[in-house]
Every structure is written in structure tokens, then in C-alpha cells.
Amino acid sequence: MDWNLRDMLEALHIRYLVTDARKLPLNPESLDLIVSNNTFEHIYPNILAEILAEFKRLLRPGGMMSHFIDMSDHFAHLDTGITIYNFLRFSEKNWGWIDNSIQPQNRWRISHYRHLYKNWAFRFPKKRTARATSLSSEASRSIRILRTCRRAKLRSVTVTSSVSDLVIE
306 MDWNLRDMLE ALHIRYLVTD ARKLPLNPES LDLIVSNNTF EHIYPNILAE
356 ILAEFKRLLR PGGMMSHFID MSDHFAHLDT GITIYNFLRF SEKNWGWIDN
406 SIQPQNRWRI SHYRHLYKNW AFRFPKKRTA RATSLSSEAS RSIRILRTCR
456 RAKLRSVTVT SSVSDLVIE
């Protein structure tokens, strides 16, 4: 049998949509699972809050979400002269000059995402997964980051990626 993408998605009962995630053309409580991969870090916080509100509307009670978030400076993937924390050294004003609409980075840390999830009453069904680069206190002092980040718990600031599995009740 010669399968094309449309046939495969139909066989798996998957409806592929390219639309604004804040206003999906779906009925309330019509989804069991929502998944994203390397997406949330590119969404501005006010828009992400609206998207989570829409996800909450769409998930059935007991429905799950799973989101992988890359919290590293994406410019460091191409520029070996900077660290994965480089974007944390810029003020909001200066970051506004560097960030771009083609591949925006919201610079949120794990604590921001957890706070947002908690505000929307999503719960974590199991232990949260977060990876952090191990930094000695000496190394952490050598990385230039904003004072506001320095006041936060080092563990929260140094997390570079997270898989958040969430349940709606």
C-alpha cells in the first residue's frame, strides 16, 4: 500500500492544523494529548499564557500535555564564541535590539514556566524532568548574566532544557 501523509494522519486519527494556537477550531474538552517540541521558548510570554488557556479549554479532564523546552541561547548553537547562557547578560532593552521575529527567544527560565503552569492549574503527574549544565561556583561567576538572574537560585537559572508532563484535572 502506498501511504501519503494525509492517509497516515487519517489512519492515526490525527488532524493536522496550521493556525493560531490561541484560537483553535476545536470543541472544548475534545483532546486527550497536546505535545510540543522546541516551541515554547520561541513564544512571547503574554501569547504563551493565552495558548495555555486555550489548551486548558481543549483538554478533557485527565488529559495530558508534554512540552520539551530548550532554554539555551540558540545563537550559541552556531556561535562557539558564546555560552548557552549568553542571552541572559542583556537587559530587556538591549535584548530587544538583538532578538528577532524570525526566531524569537523569550529567555524564560524553568521557574517562569512552572509558575505559568501552576497559574493555569496544571499539575505534574510525576517527577519533573529538567537538565542543567553542572557549573562550579567559580564557573558560574565567570558567566556574565544580569543581576536579576544572579539573585535567582543558580539551579533555576542554569537549567538548559525541560520536559514538562502536565495533567489537567
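The sequence shown: position 134 = 439 (our numbering), numbered continuously. Backbone N, C-alpha and C fix where the C-beta goes; we use that ideal spot for every residue, glycine too.
- Residue burial annotation: L314 is exposed, with fewer than 16 other C-beta atoms found within 10 angstroms of its C-beta.
- Three or more beta-carbon pairs separated by less than 8 Å are not found between the stretch 378 to 389 and the stretch 321 to 335, which leaves the two stretches without contact.
- A residue is called buried when at least 16 other Cβ atoms come within 10 angstroms of its Cβ; N411 meets this threshold and is buried.
- Around the beta-carbon of G401, fewer than 16 other beta-carbon atoms lie within 10 Å, marking it exposed.
- With contacts defined as CB atoms closer than 8 Å, V462 and F373 fail to qualify as a contacting pair.
- Listed in chain order, the non-local C-beta contacts of I339 below 6 Å within the same chain comprise F360 and M370, local neighbours out to five positions each way being set aside.
- Look at M376 here: in three-state DSSP terms it is coil, with no helix or strand label.
- The DSSP-derived three-state label of T324 is coil.
- Residue burial is scored here from C-beta neighbours: S406 has fewer than 16 other C-beta atoms within 10 angstroms and is therefore classed as exposed.
- Straight-line measurement puts the Cα of H382 at about 28 Å from the Cα of L471.
- Per DSSP, S416 is one residue of the alpha helix (DSSP H) stretching across I415 to N424.
- Within the stretch 333 to 386, the beta strand (DSSP E) runs of at least 3 residues that lie entirely inside it are, in chain order, 336 to 342 and 364 to 375.
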